[in-house]
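End of the sequence shown = 311 in UniProt numbering, gap-free, step of one. Yeah, the Cβ is synthetic: ideal placement off N, Cα and C, and Gly gets one too. One structure is given below, encoded as structure tokens.
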Amino acid sequence: MPHAIVIPPTSSIPTFSGKHSERPKQFLVRIQEYAETVHGWDRSTLLTGISQFLRDTALDWYCQLKVSGRQPQTWAEFVESFLSQFNSPIRSARQEQEWYECKQKEDETINEFVIRLRALWTEQKPKETEVDLVKHLFCKMRNDLLSMIGVPRGATLDEIIMEAQKVEEVLYRRKKEERRLKYLNQTSFQNDTSNVGKPQDKVMNEYAKPLLNMNAEYSLNNRTVPVQRTIFNKKNHDRSFPTTNYYKQTTAEIGNNQQLESMKCYTCGMWGHVAINCPTGSTKNYRRGEGNSYSKNDRRAVDRRDTGARY
């Protein structure tokens, strides 16, 4: 049962026009692979149908060979005539310059570079071996790869490619992280720039909102502390000394809370009010005690002074 072969579109067929920018050796390699894979042709069949892959100047050259009776009889003869015709000194000089300038590009992977390098190497150094290609690869690969790659002396081309792929993965992750940090820095800078000239109370980004809300609550608590403390003292006295005529807060008294906090009642010993406003109702007893006078040398006067002293 014959194998089914998929015919590729016309645009993928290798052709040669004879331009200085084209590579004749590369064309010969491609056309042999194409004829064998797609059509199953051998070399003699390929020689018969080679004109289908020639264009412009190259096709004119081949037709002139047939007209003049100098048409090659074997594939080897065709290759020799083809290379002698299209490997002109100008093309050779350009390809040589391209070989010396061949360096791995910044965005070029090691696999892509080896393919490009090998194509030039095949044309410029046809007598060299893979060992020589490895030396050229080390000289022409990127410095960041070369400085991080670690292979033993005498490593093969495949071993070098595998090691270089690992280094490329490390470098890719590093650059990805650098791009992420750069994006975050740019975003932060844009936010800072957009907030320039705005009132402070309008700068409400996701970091400042919780802090501003906390500050607002703290400020509100500071303003209400004296009122809350007075209410708490009132409730304390209500529980300890229940009276119907207990002290009632007014707006004026709330404004004097700070002054009241510094006062101490000498009747009950508690802070926040004076004896005249003491809720215990012992003001008269206090006044009556204060009204008793003794001689300065009287024993009771001395005891009185000692007992009433504040420490």
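Bridge-paired residues (DSSP) for residue i
i	result
lysine 135	Answer is none; lysine 135 lacks a bridge partner.
tryptophan 99	In the DSSP output, where bridge partners are listed per residue, tryptophan 99 has none listed.
phenylalanine 16	Leu54
tryptophan 271	Lys264
Cβ-based burial, residue i [other Cβ within 10 Å; buried from 16]
i	result
valine 67	exposed
alanine 164	buried
isoleucine 115	exposed
residue 316	The requested residue 316 does not occur in the structure, where the chain is confined to residues 1 to 311.
tryptophan 121	buried
tyrosine 62	buried
phenylalanine 113	buried
threonine 74	exposed
threonine 156	exposed
glycine 18	buried
arginine 305	For arginine 305, the predicted model reports a pLDDT of 49, less than 50, meaning its position is unreliable and no value from the coordinates is stated.
proline 279	buried
phenylalanine 189	exposed
glutamate 290	Note that glutamate 290 scores a pLDDT of 46, beneath 50, so its modelled location is shaky; the value from the coordinates is reported in the next line. So glutamate 290 ends up on the exposed side.
Inter-residue CB distance, residue i and residue j (contact presumed, cutoff 8 Å)
i	j	result
leucine 171	lysine 140	Leucine 171 to lysine 140, Cβ: 18 Å. No contact.
leucine 46	phenylalanine 16	At roughly 13 Å, the Cβ-Cβ gap does not stay under 8 Å, so leucine 46 and phenylalanine 16 are not in contact.
serine 84	proline 72	The Cβ separation is near 11 Å, so there is no contact.
valine 110	glutamate 159	The sequence shown places isoleucine at residue 110, not valine. In fact, because the Cβ distance is near 12 Å, the residues do not count as touching under 8 Å.
Alpha-carbon spacing of residue i relative to residue j, whole angstroms
i	j	result
lysine 103	glycine 69	45 Å
arginine 30	proline 14	7 Å
glutamine 26	alanine 119	7 Å
arginine 94	leucine 65	27 Å
aspartate 56	glycine 49	16 Å
tyrosine 34	phenylalanine 86	21 Å
histidine 20	tryptophan 41	29 Å
glutamine 32	phenylalanine 138	31 Å
glutamate 123	glutamate 177	41 Å
isoleucine 90	threonine 187	54 Å
proline 126	leucine 145	27 Å
glycine 154	alanine 58	43 Å
serine 92	glycine 150	36 Å
arginine 288	threonine 267	Because arginine 288 carries a pLDDT of 46, less than 50, the predicted location of this residue cannot be relied on, and the following value inherits that uncertainty. Spanning the two alpha carbons is a distance of roughly 12 Å.
threonine 129	histidine 136	11 Å
tyrosine 183	arginine 142	26 Å
methionine 148	proline 24	37 Å
glutamate 51	glutamate 36	The sequence given here has serine at residue 51, not glutamate. Each residue's Cα considered, the two are about 16 Å apart.
lysine 175	asparagine 191	24 Å
methionine 263	glycine 269	10 Å
phenylalanine 78	glutamate 96	24 Å
alanine 275	cysteine 265	5 Å
serine 12	leucine 28	15 Å
serine 88	glutamate 98	15 Å
arginine 173	methionine 162	17 Å
aspartate 60	arginine 43	22 Å
lysine 166	alanine 76	42 Å
tyrosine 100	aspartate 132	15 Å
lysine 105	valine 38	33 Å
asparagine 185	arginine 179	10 Å
Distance cut-off 8 Å: residue i Cβ against heavy atoms of the ligand MN
i	result
arginine 91	Among the components of this structure there are no ligands whatsoever, and the ligand MN is therefore not found.
Test: residue i CB closer than 9 Å to a CB of chain E
i	result
valine 167	Going by chain labels, chain E is absent from the structure shown, which holds only one protein chain.
Within the segment 110-171, ranges of the alpha helix (DSSP H) (whole runs, at least 4 residues): For the segment 110-171, whole alpha helix (DSSP H) runs of length 4 or above, ordered along the chain, are 110-124, 130-140 and 143-148.
Completely contained alpha helix (DSSP H) runs for the segment 52-86, where each covers 4 or more residues: 56-68 and 75-86
Complete runs of the alpha helix (DSSP H) confined to the segment 18-46 [at least 4 residues]: 24-34
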